[in-house]
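Participant: Sequence order for the protein chains is F and P.
End of the first sequence = 325 in our numbering, gap-free, step of one.
End of the second sequence = 328 in our numbering, gap-free, step of one.
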Amino acid sequence: MSNTINVNGRMKTQEMGRGIRNLLLIAGFLVLLIVLVSASTFSVNEHEQAVVARFGSVRKVIVDPEYAAFDSYEKGSQLENAKIIKGKGLFFKVPFIDKVTKYDSWLYTYVSDSEEVNTGDKKQYFMTMFAQWRIYDPGRFFLTQKSISKASLYLDNLIYPEIVQNVNDLSADDFISSKEVLNDALTNAQNNLNKKIKNSGLMIADIQVHRTSLPASNIQSTYNRMIADRAKVAQQLRAEGNEDYEKRVAEADLEARRTIANAIEESERLKGEGDAEALAIYAESYSVDEDFYSFWRSLQALETSLGSNTTLVLDSDHPLWSGLLQWATGDIAE
Amino acid sequence: MLSRKITLAGIGVIILMALLMCVFSLYRIEEGEQALVLTFGEVTDINNEAGLYWHIPIAQTVQKQSLTEIYTLEYGFRTASAGTTSSGATYYPREEEAVMITRDSSIVNVEAIYLVSVNDAEKFLYNTRAPFETMQFAFETVLRRNIQNLNLDDALLNKLDIEAAVLPDFEELLAAYDIGVDVQEVRIQNIIVPDEVMSAYQDVTNAKNEKTQRNDEAEKYYNEVVPAARAEAYSMIQDAEAYKAETIATAQGDVALFNEVYQKYILSPDITRRRLLIETIEKIMNNAEHKYIVEDSEDGTLKFLPLEGGANE
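1) Should residue 41/P and residue 69/P be called a contact, given that it needs their Cβ atoms to be closer than 7 Å?
2) In the stretch 134 to 156 of chain P, which residues sit with their C-beta less than 8 Å from some C-beta in chain F, listed in chain order?
3) What are the boundary residues of the beta strand (DSSP E) that residue 79/P is part of?
4) Go ahead and label residue 175/P buried or exposed: buried means 16 or more other beta carbons lie within 10 angstroms of its beta carbon, across all protein chains shown.
5) Helix, strand or coil for residue 106/P? Go by DSSP, reduced to three states.
6) How many Å lie between residue 309/F and residue 249/F at the Cα?
7) Comparing C-alpha positions only, which one of 236/F, 114/F, 112/F, 221/F sits nearest to residue 235/P?
8) If the cut-off is 7 Å on Cβ atoms, which residues from the stretch 224 to 237 of chain F count as contacting chain P, listed in chain order?
9) Please report the Cβ distance between residue 225/P and residue 232/F, rounded to the nearest whole angstrom; I am assuming they are in contact, meaning their Cβ atoms lie under 8 Å.
10) Chain F partners of residue 36/P, CB-CB under 7 Å?
11) When you compare only the Cα positions, how much space is there between residue 52/F and residue 131/F?
12) Cβ of residue 218/P within 7 Å of Cβ of residue 225/F?
13) Report the rounded CA-to-CA distance for residue 144/F versus residue 101/F, giving the unit in angstroms.
14) Counting only Cβ-Cβ distances shorter than 7 Å, please list the residues of the stretch 121 to 145 of chain F near chain P, keeping chain order.
15) At a CB-CB cut-off below 9 Å, which residues of chain P make contact with residue 240/F?
16) Quick one: Cα of residue 125/F to Cα of residue 165/P, how far?
17) Just checking my contact of residue 129/F with residue 41/F at CB under 8 Å: how many whole Å lie between their CB atoms?
18) At which residue ranges does the stretch 133 to 198 of chain P contain complete alpha helix (DSSP H) runs of 4 or more residues, listed in the order of the chain?
19) Distance, Cα to Cα, residue 239/P vs residue 255/F?
20) In terms of residue numbering, what span does the beta strand (DSSP E) encompassing residue 199/F cover?
21) Give me, in chain order, the residues of the same chain whose beta-carbon lies closer than 7 Å to that of residue 47/P; leave out the 5 immediate sequence neighbours on both sides.
22) Tell me the residue span of the alpha helix (DSSP H) that contains residue 279/P.
23) Going along chain P in order, which residues have a C-beta closer than 7 Å to the C-beta of residue 243/F?
24) For residue 72/F, tell me which candidate among 149/F, 104/F, 62/F, 10/F has the shortest Cα-Cα distance.
25) In or out: residue 285/F buried (at least 16 other Cβ within 10 Å) or exposed?
26) Bridge partners of residue 129/P, per DSSP?
27) For residue 249/P, is the classification buried or exposed, using 16 other Cβ atoms within 10 angstroms of its Cβ as the cut-off for buried?
28) What is the residue span of the alpha helix (DSSP H) that residue 238/F lies within?
29) Going by CA-CA distance only, name the one from 163/P, 91/P, 233/P, 231/P that's closest to residue 168/F.
30) By the criterion of Cβ-Cβ separation under 8 Å, what are the contact partners of residue 278/P in chain F?
31) At least one CB of chain P closer than 7 Å to the CB of residue 103/F: is that the case?
32) Measure from the alpha carbon of residue 290/F to the alpha carbon of each residue in 309/P, 305/P, 304/P, 287/P, then state which is nearest.
33) Going by DSSP, name the residue or residues bridged to residue 29/P.
34) On the DSSP bridge assignment, give the partners of residue 287/F in chain order.
35) Could you tell me if residue 23/P is buried or exposed, where buried requires 16 or more neighbouring beta carbons within 10 angstroms of its beta carbon?
36) Which of the three DSSP states is assigned to residue 85/F in this structure?
Next up, the structure:
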């Protein structure tokens, strides 16, 4: 009984061992397959390009179809034998022998330090610029630059003097304020640079001066000038305000006096009219008997001119008195 | 028997793992999102339709990018903390960005924002290494160049014109980079003179106000003086009119009186004449306060006769 059990157990153990061996075999095969596939393929992402080199010599260059406008390298160059493939995705290589180097195909931004620059008319500014650049030919880049950091330094050494030279020819006014002139200068610089860097597999897509500032020593004097300028404007405004005020006050005075003058004229005229009319009335009436009028009017004058509060000192012969006496006595005498 | 079972179990595990991978390879596209299906890194499918999708495991990956999200980017300042319902947002300035020179070599501080959205995920993700950084450089270039194109006074006053000029320049530059974004809006938040010269600018504002004030004062003076003169003129004319009427009326009264007297006079001229004379003397004598009659006698002494009005004393 126990034997059969033992045999059964041994048989089970043997069978189990065989099963695991099969399983390991399958697993090992799968692992081998994966290693082989991964070693003989590589993927180039949407923003990437690649160089495939065999023992240091470039065999395949996988370029971005959008930016590489060439189908083969010229005869006699180091890349003569390299095959150009335009595209992205999955590619094959010889495992363990081919070495793949990938470079990005997208735009890199180079930014300069803030540097002093003189314009054609000897004005100083600090400017900072940036350039958008890309690797359009990973094959040439692989041979000449190898790394992005090396390329950045290479571009820095080229771009800055080129731009400075172009700016030196511009007047300050053009450099600061003329979009067209500056753009022309930058495009010119860009074209020159692209000729120089062509063999490095690089191209500059755009250069811009993004920041221009005054040297620190000029800033205070600029502030002072702005302040003086504003002070002038303020002073002018105040002077104008006073001038306006004085003018309008004088005008108001003039208008007032003219109004009064007109009124004087008018009132004198009215008074004259009144007087004239009164005279006419008098004349018309008194001309009836001028003699009597003179008499009557003299009496009135006498009466009004010798009013109350008068002290009369009369000679006894004075007509006022004597006449009265005479009339009185005469009348009696008669 | 058992070995086959174990092999089958192993295969089962592998199939199960494959199934699990398939399940994990499901992905969802939200409304407004664009999904790029990358097969070994290459874009092989672009999908804008919201829904549930599946990609091949290992060989394919999916990159998603919202096309509706609006990114607000700041220039010349940064938001330190966004406002909440109970507190306002706080900002801090970025002097080195904000300080700009103008055409007339003055200095101005400009703060701006720009709003962008992605219109092409592939271009946005793969055409530039750092799209937001690139946009910031492009914006700085365009904004500064437009400010540099203006004299300070124009720059300070024409915010809307600057926005209108920056927008197309910015769009043009970004189009050249093929960056896959739309510029929704460019907004100048603030355009002011630096603190150092602020007081001088405020003084100009004061001077403007003072000018207006002087103007008002002049108007006030005018409103005081001219109507007063008109009133005076009016009263002068009224006085004259009154004088005229009075004079005429007096004349008419005098004439009427004269005529009356004259009517009597012509009836008996001598007597009336004398009566009038006597009456007048009488009145004079009555009216006079002190009356003295002096007589020049032959012996040279002055005879003095005071005639005091008995009733008056």
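Think of the CB as a built atom: it goes at the ideal place given N, C-alpha and C, for glycine as much as any other residue.
Facilitator: Here's the rundown:
1) Within the second sequence, the letter at position 26 stands for residue 41/P. Within the second sequence, the letter at position 54 stands for residue 69/P. Yes; because the gap between Cβ atoms is below 7 Å, this pair is in contact.
2) Within the stretch 134 to 156 of chain P, the residues whose Cβ lies closer than 8 Å to some Cβ of chain F are 137, 140, 141, 142, 143, 144, 145, 148, 149, 152, 153, 155, 156, listed in chain order.
3) Position 64 of the second sequence, counted from the start, is the residue given in the question as residue 79/P. Segment 75 to 81, the beta strand (DSSP E) holding residue 79/P.
4) Locating residue 175/P in the second sequence gives position 160, counting from the first residue. Classification for residue 175/P: exposed.
5) One-based indexing of the second sequence puts residue 106/P at position 91. It is a strand residue.
6) Within the first sequence, numbered from 1, the residue matching residue 309/F stands at position 318. Within the first sequence, numbered from 1, the residue matching residue 249/F stands at position 258. C-alpha separation (whole angstroms): 56 Å.
7) As a working mapping, residue 235/P is identified with position 220 in the second sequence. Nearest of 236/F, 114/F, 112/F, 221/F to residue 235/P, Cα basis: 236/F.
8) 224, 225, 228, 229, 231, 232, 233, 235, 236
9) As a first step, residue 225/P is located in the second sequence; it is residue number 210 there, counting from the start. As a first step, residue 232/F is located in the first sequence; it is residue number 241 there, counting from the start. Residue 225/P to residue 232/F, Cβ: 6 Å. Contact.
10) As a working mapping, residue 36/P is identified with position 21 in the second sequence. By Cβ distance, chain F contributes nothing, its closest Cβ being about 14 Å from residue 36/P, past 7 Å.
11) Start at 1 with the first residue of the first sequence, and residue 52/F comes out as number 61. Start at 1 with the first residue of the first sequence, and residue 131/F comes out as number 140. So the two alpha carbons sit approximately 10 Å from each other.
12) By 1-based counting over the second sequence, the position of residue 218/P is 203. By 1-based counting over the first sequence, the position of residue 225/F is 234. Yes. Within cutoff.
13) Taking the first sequence and counting its residues from 1, one reaches residue 144/F at position 153. Taking the first sequence and counting its residues from 1, one reaches residue 101/F at position 110. Distance between the alpha carbons of residue 144/F and residue 101/F: 10 Å.
14) 121, 123
15) Residue mapping note: residue 240/F aligns to position 249 of the first sequence, counting from 1. Going along chain P in sequence order, the residues near residue 240/F (Cβ under 9 Å) are 232, 233, 236, 237, 240.
16) Walking along the first sequence from the start, residue 125/F turns up at place 134. Walking along the second sequence from the start, residue 165/P turns up at place 150. Answer to the nearest angstrom: the Cα atoms are 34 Å apart.
17) Against the first sequence, residue 129/F aligns to sequence position 138. Against the first sequence, residue 41/F aligns to sequence position 50. About 7 Å; that satisfies the 8 Å criterion.
18) 136 to 141, 146 to 163, 167 to 172, 174 to 192
19) Residue 239/P sits at position 224 when you count from the first residue of the second sequence. Residue 255/F sits at position 264 when you count from the first residue of the first sequence. Cα to Cα, residue 239/P sits roughly 20 Å from residue 255/F.
20) As a first step, residue 199/F is located in the first sequence; it is residue number 208 there, counting from the start. Taken as a continuous stretch (DSSP letters only), the beta strand (DSSP E) holding residue 199/F covers 193 to 204.
21) Position 32 of the second sequence, counting from 1, holds the residue named residue 47/P. If we look at residue 47/P and ignore the five residues flanking it on each side, its Cβ neighbours are 81, 82, 83.
22) Counted from its first residue, the second sequence places residue 279/P at position 264. That run of the alpha helix (DSSP H) goes 210 to 282.
23) In the first sequence, counting from the first residue as 1, residue 243/F sits at position 252. Correct list: 236, 237, 240, 241.
24) The count along the first sequence starts at 1 and reaches residue 72/F at position 81. Of the candidates 149/F, 104/F, 62/F, 10/F, the one whose C-alpha sits nearest the C-alpha of residue 72/F is 62/F.
25) Within the first sequence, residue 285/F is the residue found at index 294, counting from 1. The residue is exposed, with fewer than 16 neighbouring Cβ atoms inside 10 Å.
26) Looking up residue 129/P in the second sequence gives position 114. Answer is 88/P, 201/P, bridged to residue 129/P.
27) Counting from one through the second sequence, the residue named residue 249/P turns up at place 234. Result: exposed.
28) In the first sequence, residue 238/F corresponds to position 247, counting from 1. Segment 207 to 277, the alpha helix (DSSP H) holding residue 238/F.
29) Within the first sequence, numbered from 1, the residue matching residue 168/F stands at position 177. Nearest C-alpha to residue 168/F: 163/P.
30) For this step, residue 278/P is matched to residue 263 along the second sequence. By Cβ distance, chain F contributes nothing, its closest Cβ being about 11 Å from residue 278/P, past 8 Å.
31) Reading the first sequence from its first residue, position 112 is the one you call residue 103/F. No, residue 103/F lies away from the interface with chain P (no Cβ there is under 7 Å from its Cβ).
32) For this step, residue 290/F is matched to residue 299 along the first sequence. Comparing Cα positions, the closest option is 287/P.
33) Walking along the second sequence from the start, residue 29/P turns up at place 14. Answer is none; residue 29/P lacks a bridge partner.
34) Numbered from its first residue, the first sequence carries residue 287/F at position 296. DSSP output for residue 287/F lists no bridge partner at all.
35) By one-based count along the second sequence, residue 23/P stands at place 8. The residue in question, residue 23/P, is exposed, as its Cβ has fewer than 16 Cβ neighbours within 10 Å.
36) Stepping through the first sequence from its first residue, residue 85/F is reached at position 94. Coil, per DSSP.
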